[in-house]
Amino acid sequence: MSRASDLSLVMREEYPDIEQTLGHASWSFHRVDLHRGLKRLATGAGGPGAPVVLRLGCEAIGVDCDKGTLMLADGRAVKNDLVVIADGAHSRLIEDFTGYPSTVSPTGRSIYRWLVSMDDVMADPDLRAYYENQLPGFTSWRDPLNDIFWVNYTCRGGTVLNNAVVHETQAGEGEDDLWHSSVSKEQVLAMLADFHPTTKKIVHMASEDGIKVHHLFKRPALSSFVRGRALVVGDAAHVMMPTHAAGGAIAIESAASLEVLFTGVHGKDGATVAQRLQLFDQLRLPRCNLTMLASNAGPLWRNVPGVEDEIRRFYHGPLPPAGCLPWSKEVRELLFHHDEYGAAEQALAQAQVTSHRL
Numbered sequence: 006m007s008r009a010s011d012l013s014l015v016m017r018e019e020y021p022d023i024e025q026t027l028g029h030a031s032w033s034f035h036r037v038d039l040h041r042g043l044k045r046l047a048t049g050a051g052g053p054g055a056p057v058v059l060r061l062g063c064e065a066i067g068v069d070c071d072k073g074t075l076m077l078a079d080g081r082a083v084k085n086d087l088v089v090i091a092d093g094a095h096s097r098l099i100e101d102f103t104g105y106p107s108t109v110s111p112t113g114r115s116i117y118r119w120l121v122s123m124d125d126v127m128a129d130p131d132l133r134a135y136y137e138n139q140l141p142g143f144t145s146w147r148d149p150l151n152d153i154f155w156v157n158y159t160c161r162g163g164t165v166l167n168n169a170v171v172h173e174t175q176a177g178e179g180e181d182d183l184w185h186s187s188v189s190k191e192q193v194l195a196m197l198a199d200f201h202p203t204t205k206k207i208v209h210m211a212s213e214d215g216i217k218v219h220h221l222f223k224r225p226a227l228s229s230f231v232r233g234r235a236l237v238v239g240d241a242a243h244v245m246m247p248t249h250a251a252g253g254a255i256a257i258e259s260a261a262s263l264e265v266l267f268t269g270v271h272g273k274d275g276a277t278v279a280q281r282l283q284l285f286d287q288l289r290l291p292r293c294n295l296t297m298l299a300s301n302a303g304p305l306w307r308n309v310p311g312v313e314d315e316i317r318r319f320y321h322g323p324l325p326p327a328g329c330l331p332w333s334k335e336v337r338e339l340l341f342h343h344d345e346y347g348a349a350e351q352a353l354a355q356a357q358v359t360s361h362r363l
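Going by our numbering, 198 is the number at position 193 of the sequence shown; the sequence numbering is gapless.
In structure tokens, the structure reads:
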């Protein structure tokens with residue numbers, strides 16, 4: 006991380022533990038590419054399990070969790086053994102799940118996002134001098150006086166630079182769409198007035214209407230991710246700030262847990278489904294709420310009063326020491342070294358042993 010005003014280095018953290026643990030360096034994806042890749046795996050032949058059929062245009066407007074029934078906008082009702090609610094931060098179904106109005110609220114923070122070509126970046130002498138010796142990973146600039154944090158990283162095989170600028174929400178910003186609105190380069194540059202001139206060149210490289218603003222939201226931690234025959238995952242379950250870039254990772258962990266727990270369950274009795282749902286809650290509630298609460302408290306979450314007490318309502322494992330730096334080894338081990346496949350397999354095996362004994 007560097008100072009926004011003069012690009013002087015404030016801190017640098019390398020991640021050799023990631024490659025040692027995973028067998029490869031960290032990967033950086035643009036979310037659209039990750040979405041397409043996951044969709045291809047789910048719907049294509051040759052992957053694990055039968056290909057999934059996606060039924061687009063079937064808007065879900067309600068769910069009866071106890072019966073496992075989805076109500077669709079066209080009047081149909083669809084019933085199944087299991088309903089997975091995954092309709093995001095602005096979930097329409099969460100109220101049916103919890104039984105009370107949605108508690109999602111704005112954080113007062115927003116994020117600008119845009120892509121630029123690395124060919125354009127490296128064609129500029131000043132930017133080339135800055136980026137050509139950068140190690141793979143995140144580059145970030147911080148303006149502490151205005152509470153602005155700009156992070157970028159390459160993706161698509163190093164061909165594009167993905168940019169994200171977290172800032173205080175501005176009056177009138179994104180009023181037409183709270184989630185995905187265009188913002189002008191002039192607005193972004195005004196926000197970045199105190200940033201070094203070299204960094205602002207990346208704003209000028211954005212295409213017209215290429216910069217979007219997203220408002221950031223939060224909600225209190227849920228006490229359970231399971232109700233009846235339904236469960237909730239992703240932002241619908243745990244909206245979190247992008248502090249640790251962990252929201253997508255945590256959701257994919259939950260998908261891994263579902264794979265382990267529900268493979269081969271189709272057609273079995275309701276007691277089996279209920280048992281697997283209970284195991285899912287036991288596995289995911291502590292870890293998801295830990296990550297959400299830590300992320301929503303900010304980079305120095307271990308120093309924020311009350312955060313550990315809230316985390317301990319759900320999670321009782323080890324935490325990094327107070328005063329640890331963001332993205333330090335202790336934080337990475339907690340958030341990114343977890344093996345959900347292994348945890349779910351172990352929990353399922355223990356449950357099956359207990360069931361046989363009974």
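Where a beta carbon is used, it is the ideal one built from N, C-alpha and C, also for glycine.
Taking DSSP's pairing of strands, which residues face residue i in a bridge?
i, result
"Asp148", "Ile153"
"Thr159", "Leu166"
"Leu14", "Ser7"
"Val336", "In DSSP, Val336 forms no bridge with anything."
"Ser186", "Val218"
"Arg318", "Partner(s): none; Arg318 has no beta bridge."
"Val231", "Leu236"
Terminal residues of the continuous alpha helix (DSSP H) containing residue i?
i, result
"Asn294", "Gly275 to Asn301"
"Ala261", "Gly252 to Phe267"
"Val37", "Arg36 to Thr48"
"Thr220", "In the sequence under discussion, the amino acid at residue 220 is His, which differs from the Thr named in the question. No alpha helix (DSSP H) contains His220, which is instead part of the beta strand (DSSP E) from Lys217 to Lys223."
"Pro134", "Sequence check: residue 134 is Ala here, not Pro. Unbroken alpha helix (DSSP H) run through Ala134: Pro130 to Tyr136."
"Thr203", "Pro202 to His209"
I need the straight-line Cα distance from residue i to residue j, nearest angstrom please.
i, j, result
"His321", "Arg289", "13 Å"
"Leu197", "Gln287", "44 Å"
"Arg281", "Thr26", "29 Å"
"Leu236", "Arg307", "30 Å"
"Ser229", "Asp71", "14 Å"
"Pro106", "Glu178", "26 Å"
"Met127", "Thr164", "11 Å"
"His40", "Met297", "21 Å"
"Ala211", "His35", "16 Å"
"Asp240", "Ser300", "13 Å"
"Gly215", "Val238", "30 Å"
"Met16", "Trp32", "21 Å"
With a threshold of 16 other CB atoms inside 10 Å of the CB of residue i, please say whether the residue is buried or exposed.
i, result
"Asp101", "buried"
"Arg375", "Any property of residue 375 remains undetermined from this structure, which presents the chain solely from 6 to 363."
"Met6", "buried"
"Tyr117", "buried"
"Cys63", "exposed"
"Pro304", "buried"
"Trp155", "buried"
"Ala134", "exposed"
Just curious, the beta strand (DSSP E) that residue i is in, first and last residue?
i, result
"Val165", "Val165 to Glu173"
"Val237", "Ala235 to Val237"
Establish whether the CB of residue i and some CB of chain D are separated by less than 7 Å.
i, result
"Glu64", "Given the protein chain composition of this structure (a single chain), no chain D is represented."
Whole beta strand (DSSP E) runs in the region 51–126 with 3 or more residues, listed along the chain?
65–69, 74–77, 82–84, 88–90 and 110–122
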